[in-house]
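Below is one structure, written out as structure tokens; the observations come after it.
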Amino acid sequence: MPKKSTKSKGNSEESKYVVIVESPSKAKTIERYLGKEYKVIASKGHIRDLPKKEFGVDIEHDFEPIFQVIPGKEKVIQEIKKETKGRKVLLASDMDREGEAIAWHLSQILDLDPKEKNRIIFSEITKNAIKNSISNPQSLDLKKVDAQIARRILDRLVGYKISPLVWKVLKDYKTSAGRVQSAALKLIVDKERKIFIFKPKKYFNIYLEYKGQNIPLTKEDGKKIKPESITKIKKDQIFEYLKDKDFKLVNVEEKESIRKPPLPFITSTLQQAAVSTFNWASSKVMKIAQELYEGVETSEGSIAFITYMRTDSTRVSNEAQQAAINYLEKNYGKDYVGHYLSKNKKSNVQDAHEAIRPTDINMDVNNAKRLISSDHLKLYTLIWNRFMASQSAPSRYLEKTYTIEDNTNKYAFEITSKKCIFDGFEKFWNPNNKEVNFEIGKNDKITYDQLKFEEKETNPPNRYTEATLIKELESKGIGRPSTYATIISTLLQRKYVSKIAKSTLRPTTTGFVVTDFLETYFPEIVDVKFTANMEEDLDKIEDGKNKSKVVLEQFYKEFETFLSTASNNIKNKKEILHYESDVPCEKCGKNMKLNFGRYGLYLSCEECKETQKIPAESFGVTIKEKLYIKEYLQETLKIDKEENKIDEKCPICGGDLILKHGKFGEFIACSNYPECKYTRNVKARGKCPNCGGDIVKLKSKKGKTYFKCNSCSTMYWNEPSEYSCPNCGETLFYKTSKGKEKLYREKDKAYFDIEEIKQLTK
């Protein structure tokens, strides 16, 4: 452990040690626990990477990466070099592969010995954890660094080599192909294909309606009978048979059952729970969790509330378990104390990490309310409750299963009553198990009049939500805890997938086309098992059981063959993908063909040369007779035309005005086109901050959106809003930040939540 300085405490010039973390907020939190002889600074994430505009991998020389300083990080590096000059450096970036790589890049830039014990890691930002890590510095884990660099090279090989081919086919430079995102997209596309070919089947639920309960038919002649097997004919036969029968209670089976507490959160389960509970995007969950881990500014200073949020281990430290036991005994009694055992079943679990838990169990929800609010409090409450539930005793229920039969014993109806006799972990975490408690007596009279039926229909598979997709990615070994949110965000940003009601994910036409192209020419890239195996290979590199050069060479050998075939087909102008749509031409009725143009997908009629724009997030098209989705595109185009009405009439002919998409962006046009050719530009939601005139939305020749005042010709890159800053009165602008539209104050680049500003300006 570094010896304490005997110098008087002063400014950072007197500090002997420099601790480098990733984020400024984390630096601020850690500085609370260290003396003045420690200066804590931030690298602000990665400082070096493969070059943005070059391939950056020397394939001929064992896939040697060529790293460059990330543009914009020059000043950060200068500051780091200045602060570390003449001082002992401790590298304290995050404890995952990305964090280890950041530490390695820093050691390279600062010319540190990679074998030197200057790496400190901790899973929670508390005084004890920080002090312990500084007391026990380690050397860089070069195997972990090697695994991260191998992942980065694999992603660069796929993205840099395939994306240009996708661009050529789709004629759209916004598209891309990613190693992991492509496999995730295929999962979503395959689910949509199953939905399309699904044929619903009618069936009948038969039950006895008694004491407010629907008691289902479960057996026929002692054999189980499923509702899905009961057709109309079968239903009629059952009702005919039972019409003159009486019913009686023949058996009551009573037993006590337990419900086991849930495991504490890991990254994937935290995202699933928060997405489902709060209807947040997975990226938002990770952002809030990161802030809770690194430190939130409170009235008592910057405080870290949870342990490291990127983990796939359910392990809990002995200290944390004991703290939970003490809390349970003190506040609820010994009966509520559980006997927690972690259950890491998968071989690839990185057990060096703990599960996600509160750093201080005594910082319960009531105490946290004094210090944090809004989204931070919501997520912390979820994490605290889940952890306490995981350390609590099972809940116990008294179950009574009632069996009712007709007087010939041919048909049996069964139902179970459940009464909670000890809530246990459900004091903190209720898994939505509704208590159904009722009594049926032997002398109760049940007649044919209580026999009912309900016509039902089998449902197609459910589309993925963000929560269920994360669960699927985890179960299939695609990606790792730190990548799930990024995968989904990328698919949404590329418009391969759209969100519909309640965070449901649905592939767009572009998503189908990209998947089809990759399936045809790069089957391994979208193959789920292959992608999962690559993740296992990366884990083996980290464990020292394989070498990155071997993994990269094996991958590239087959990849190069696929690449050559696709490149040659495109070069020789062979028809790569042929798409006959199911959308008829409005003029001649012939089915239009799907084409790829500079401004996105569009439909064209070979007969009369009519074209029709496809909305960026439209769904479906018949592709190569594979019946991906047949009717959605036509319906979407109809809905799009209807939904794009702007509740204004054409000043020339009185027809409905609609919002349309053209070569230079959005514009307003008459729905009676081509008879009426009235058009005008789209107006901004706010007025000109300079003169109060109307602002119109325009698009430059390079495709960039800008806004211009009709009166004074002042131009703006962001759309002026109808709101002013409640503090200074300056006009706020609309701007998207991390996928969400916010209000933006240009003078200091500050963002505001739209709803909060609305409330303040009411």
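201 is the number that full-length UniProt numbering gives to position 201 of the sequence shown; each next residue is one higher, with no gaps. We treat Cβ as the ideally placed atom computed from N, Cα and C, and that holds for glycine.
Have a look at Val145 and Ser737 and give me their C-alpha separation to the nearest angstrom. Position 145 of the sequence shown holds residue 145. Position 737 of the sequence shown holds residue 737. Separation of Val145 and Ser737 (C-alpha to C-alpha, rounded to the nearest whole angstrom) is 31 Å.
Would you be able to state if there are at least three C-beta pairs under 8 Å between the segment 435-442 and the segment 182-192? Result no; under three Cβ-Cβ pairs closer than 8 Å.
Exposed or buried, what is Gly99 when buried is set at 16 or more other beta-carbons lying within 10 Å of its beta-carbon? Translated into positions along the sequence shown, residue 99 becomes position 99. By the neighbour-count criterion, in which 16 or more other beta carbons inside 10 Å mark a residue as buried, Gly99 falls on the buried side.
Beta-carbon separation (whole angstroms), Ile356 vs Ile266, contact threshold 8 Å: Counting from one through the sequence shown, the residue named residue 356 turns up at place 356. Counting from one through the sequence shown, the residue named residue 266 turns up at place 266. Taking 8 Å as the upper bound for CB-CB distance, Ile356 and Ile266 are in contact here, some 7 Å apart.
Taking DSSP as the reference, what is the three-state secondary structure of Asn430? The residue given as residue 430 occupies position 430 in the sequence shown. Here Asn430 sits in coil by DSSP.
Same chain, Cβ closer than 6 Å to Gln450, neighbours up to 5 away in sequence not counted: By 1-based counting over the sequence shown, the position of residue 450 is 450. Contacts found: Leu208, Glu209 and Tyr210.
Kindly identify the DSSP beta-bridge partner or partners of Tyr744. Here the question's residue 744 lines up with position 744 in the sequence shown. Its beta-bridge partners are Phe733 and Tyr751.
Does Ser567 come within less than 9 Å of chain C when only Cβ atoms are used? This model lacks chain C altogether; it includes just one protein chain.
Helix, strand or coil for Pro164, going by three-state DSSP, please let me know. As a working note, residue 164 is residue 164 in the sequence shown. In the three-state DSSP reduction, Pro164 falls in the helix class (H, G or I).
Using a 10 Å radius around the Cβ and a threshold of 16 neighbouring Cβ atoms, would you call Lys26 buried or exposed? As a working note, residue 26 is residue 26 in the sequence shown. Lys26 should be labelled buried.
If distances are taken between C-alpha atoms only, which option among Pro262, Glu519, Phe555 and Thr510 comes closest to Phe596? For the purposes of this step, residue 596 is taken as the residue at position 596 of the sequence shown. The option with the nearest alpha carbon to Phe596 is Thr510.
Three-state secondary structure assigned by DSSP to Pro2: Sequence index remark: in the sequence shown, residue 2 carries index 2 (1-based). Note that Pro2 scores 42 on pLDDT, short of 50, meaning its location in the model is unreliable; the coordinates nonetheless yield the value given after this. Here Pro2 sits in coil by DSSP.
Span of the alpha helix (DSSP H), counted from its first residue to its last, around Pro358: The count along the sequence shown starts at 1 and reaches residue 358 at position 358. If you look at Pro358, you'll find it isn't in any alpha helix (DSSP H); DSSP assigns it neither H nor E.
Closest to Arg254 by CA distance: which of Tyr464, Asn437 and Asp647 is it? By 1-based counting over the sequence shown, the position of residue 254 is 254. According to the sequence as given, residue 254 is Glu; it is not Arg. Out of Tyr464, Asn437 and Asp647, the CA that lies nearest to the CA of Glu254 is found in Asn437.
In three-state DSSP terms, what is residue 778? Beyond the ends of the chain as shown, which are 1 and 762, falls residue 778; an answer cannot be given.
Which of helix, strand or coil does DSSP assign to Val19? Residue 19 sits at position 19 when you count from the first residue of the sequence shown. Note: Val19 maps to strand in three-state DSSP.
From Asn132 to Glu124, what distance separates their C-alpha atoms? The residue given as residue 132 occupies position 132 in the sequence shown. The residue given as residue 124 occupies position 124 in the sequence shown. Going from the Cα of Asn132 to the Cα of Glu124 covers about 11 Å.
For Ile102 versus Ile77, is the C-beta distance shorter than 9 Å? Reading the sequence shown from its first residue, position 102 is the one you call residue 102. Reading the sequence shown from its first residue, position 77 is the one you call residue 77. Contact flag unset, no.
In terms of residue numbering, what span does the alpha helix (DSSP H) encompassing Leu382 cover? The sequence position of residue 382 within the sequence shown is 382, counting from 1. Its alpha helix (DSSP H) spans residues Ser374 to Ser390.
What distance in whole Å lies between the Cβ atoms of Tyr521 and Leu157, which are believed to be in contact at a cut-off of 8 Å? Your numbering for residue 157 matches position 157 in the sequence shown. Your numbering for residue 521 matches position 521 in the sequence shown. That belief does not hold up - the Cβ atoms of Leu157 and Tyr521 are roughly 15 Å apart, past 8 Å.
Contact the segment 682-700 vs the segment 718-734: 3+ CB pairs below 8 Å: Verdict: yes, contact present.
If you reduce the DSSP assignment to three classes, tell me which class Val285 lands in. On the sequence shown, position 285 is the one that residue 285 refers to. When DSSP states are grouped into helix, strand and coil, Val285 belongs to the helix group.
Beta strand (DSSP E) segment containing Ile421, residue limits: Locating residue 421 in the sequence shown gives position 421, counting from the first residue. Run containing Ile421: Tyr411 to Phe422, per the beta strand (DSSP E) assignment.
On a CA-only basis, which of Ile80, Leu142, Gln181 and Lys369 is nearest Ser299? Give me that one, please. Along the sequence shown, one-based indexing puts residue 299 at 299. Nearest neighbour of Ser299 by Cα position, chosen from Ile80, Leu142, Gln181 and Lys369, turns out to be Lys369.
Taking DSSP as the reference, what is the three-state secondary structure of Pro24? For the purposes of this step, residue 24 is taken as residue 24 along the sequence shown, with counting starting at 1. Three-state result, Pro24: helix.
Spatial neighbours of Thr565 in its chain, beta-carbon cut-off 8 Å, leaving aside the 5 residues before and after: Start at 1 with the first residue of the sequence shown, and residue 565 comes out as number 565. Setting aside the 5 residues that flank it on each side, Thr565 is surrounded in the same chain by Tyr521, each with a C-beta closer than 8 Å to its C-beta; the list follows chain order.
Please return the same chain residues whose Cβ sits closer than 8 Å to the Cβ of Asn348, not counting the five positions on each side in sequence. The count along the sequence shown starts at 1 and reaches residue 348 at position 348. Only weak support is given to the placement of Asn348: the predicted model assigns it a pLDDT of 44, under 50, and the question is left unresolved by the model.
Between the C-alpha atoms of Thr231 and Lys219, what's the straight-line distance to the nearest angstrom? For the purposes of this step, residue 231 is taken as residue 231 along the sequence shown, with counting starting at 1. For the purposes of this step, residue 219 is taken as residue 219 along the sequence shown, with counting starting at 1. The C-alpha of Lys219 is placed about 15 Å away from the C-alpha of Thr231.
Met363: which of Pro261, Met388, Ser700 and Ser374 sits nearest, CA to CA? Counting from 1 along the sequence shown, the entry for residue 363 is found at position 363. Per the C-alpha coordinates, the member of Pro261, Met388, Ser700 and Ser374 positioned closest to Met363 is Met388.
Between which residues of its own chain and Thr381 is the CB-CB distance below 6 Å, once the five residues before and five after are set aside? Taking the sequence shown and counting its residues from 1, the one referred to as residue 381 is at position 381. Counting only Cβ-Cβ distances below 6 Å, and skipping sequence neighbours, we find Val365.
Delimiting residues of the beta strand (DSSP E) encompassing Pro460: Locating residue 460 in the sequence shown gives position 460, counting from the first residue. For Pro460, no beta strand (DSSP E) run applies, since DSSP gives it neither H nor E.
Using DSSP's beta-bridge definition, name the partner residues of Gln321. Position 321 of the sequence shown, counting from 1, holds the residue named residue 321. Gln321 pairs with nothing; no bridge assigned.
Three-state secondary structure (DSSP) at Ser700? Counted from its first residue, the sequence shown places residue 700 at position 700. It is coil, neither helix nor strand.
Three-pair Cβ contact test at 8 Å for the segment 459-477 versus the segment 489-505: They touch, by the three-pair rule.
Option in Lys248, Ser482, Gly544 and His46 with minimal Cα separation from Pro71: Here residue 71 refers to the residue found at position 71 when the sequence shown is read from its first residue. Closest by alpha carbon: His46.
CA nearest to the CA of Phe391, picked from Ala273, Val316 and Lys547: Start at 1 with the first residue of the sequence shown, and residue 391 comes out as number 391. According to the sequence provided, residue 391 is Gln. The question's Phe does not apply to it. Per the Cα distances, Val316.
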